[in-house]
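By UniProt numbering, the letter at position 32 of the sequence shown is numbered 32, and the numbering carries on one by one without gaps.
Before any comments, here is the structure.
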Amino acid sequence: MIVVMNGTNSSKFWTIAREHEKLADAMHYAIGVAFVLIMLISTLGNGGVMYVFIRTRNLRTPNYFLVSALCLGDFLMSTLGMPMFITSCFFTRWILGRVGCLVYGTLMTFLGLSQITLLASIAFTRYRYVVNNCSIDTLFAKIVVIMCYLYAFIFSLAPLFGWSRPVVEPIGTSCGPNWAGTEPRDVSYNLTIFVLCFFVPLSIITFSYFMIYLKIKRKRIHKKNDGYENHVTVTILLMIVAFLLSWSPYAALAMYVIITKNSTMHLALSSVPVVLAKTAPLWNPYIYFVRDRRFNKECEKLLPIFKKLGIFESHRTEQHEWHQMGDTSSTNVPLCEHEKQKTVADLKKARTF
């Protein structure tokens, strides 16, 4: 199967070669069924995180606030965006028209960019706390969230004012940026999105967690620290891998189309990155919170079914408490206080989610 970009500038939609007009109906149905399951798991996971956060006062600290904002975006993606995609999958085509395409494309671009930006912000605040011992308060955390949303808002709404525009993607059941556009407005927008909204956040995440790992690795205080370092390493690896698995194929496809201006490609090849990117809301609540003992305990109090099922028990022997990275509203400690040495308790505070 081959996807071909219509050569006329007036057409803003990807079209499919006559020989193979679209993915087989069975494939669309399979994707639709899979995403019904993904939507349910993601909605329950992210919804559960927000429920526990709202109901538990002692979790309302800056670090949990940032990650809860991330889960809110994932929740909106699952409840607002996925139903539109799933419905189109069962109809085997995009059924919401051009207006629906603009709404869906703008919404999903906004949520996707805000998630990537929040993830980079979380990584950088953790780096500042662990390496430089600089903490943040709740007010600063709120400002970070607002800035991330504003950043995503600007880039997601720009196409509505003539800087490129959302189009139906090759898979035929979703909309996104016009990566195959050849007009200057399309190329400039695509390059800007790639650099500022993917490469820069990825660089921040990679740098931040690499420095965190090096900092903790140098602090071999006693034997138990080895197990702790392994736990942190696995958590960091899971976060980065989840990010890369979700977004890198999509970004690579976009950059390939932008650079080569190739008007043809295998439909399956162009569809897989789109599908993978849409699984992004699934991972965050389970990576960040299932591995966190403090949240585990609060979750079991409010949702006893988790305790009965023993979902968190396998993590108890290796977990270390993830404490506040700086709720300075209740202390008189300066936001940045450099210590000569960190104790074991300090290292536990430096627990990377």
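We put the beta carbon where it would ideally sit given N, CA and C, even for glycine.
Given the structure is predicted, the values throughout are model-derived calculations rather than measurements.
| Item | Value |
| --- | --- |
| Buried/exposed call for T260, threshold 16 Cβ in 10 Å | exposed |
| Distance between F140 and F53 (C-alpha atoms, nearest Å) | 18 Å |
| Straight-line gap, M211 to T92 (C-alpha atoms, nearest Å) | 46 Å |
| Extent of the continuous beta strand (DSSP E) to which P177 belongs | C175 to P177 |
| Range covered by the beta strand (DSSP E) that runs through V168 | P166 to V168 |
| Beta-carbon gap between G48 and C299 smaller than 9 Å | yes |
| Proximity below 9 Å, CB of L40 to CB of S271 | no |
| Residues of its chain near Y189, where Cβ-Cβ distance is below 6 Å and the 5 sequence neighbours each way are ignored | W163 and S164 |
| Contact under 9 Å by Cβ, I204 with F124 | yes |
| Beta-carbon contacts of F252 that lie in its chain and below 8 Å, excluding the five residues immediately before and after | Residue 252 is actually Ala in this sequence, not Phe. For A252, where only same-chain residues beyond five positions count, the Cβ hits under 8 Å are P273. |
| Length of the line joining the Cα atoms of L282 and R185 | 33 Å |
| heavy atom of the ligand GTP below 8 Å from L302 C-beta | Looking for the ligand GTP in the displayed structure turns up nothing, as the structure carries no ligands at all. |
| Cut-off 7 Å between Cβ atoms - residues of its own chain near Y286, not counting five sequence neighbours on either side | G45 |
| Endpoints, alpha helix (DSSP H) assigned at V187 | P184 to F194 |
| Alpha-carbon to alpha-carbon, T117 and R128 | 17 Å |
| Buried versus exposed call for G97 [16 or more other C-beta atoms within 10 Å across all chains shown] | exposed |
| Where the alpha helix (DSSP H) through I54 begins and ends | D25 to R55 |
| F199 burial status per 10 Å Cβ neighbour count (16 or more: buried) | exposed |
| Rounded C-alpha distance that separates T138 from S121 | 14 Å |
| K301, enclosing alpha helix (DSSP H) - first and last residue | R293 to L302 |
| Between the CA atoms of I258 and E183 - distance to the nearest angstrom | 11 Å |
| Coil, strand or helix - L157 by DSSP | helix |
| Nonlocal neighbours in the same chain, by C-beta distance under 7 Å from residue 356, ignoring five residues either side | With the chain covering only 1 through 353, there is no way to say anything about residue 356. |
| Sub-9 Å separation of S114 and Y151 beta-carbons | yes |
| Assigned secondary structure, L111 (DSSP; H/G/I helix, E/B strand, else coil) | helix |
| Exposure label - residue 393; buried when at least 16 CB within 10 Å | Absent from the model: residue 393. The displayed extent of the chain is 1 to 353, so no value can be given. |
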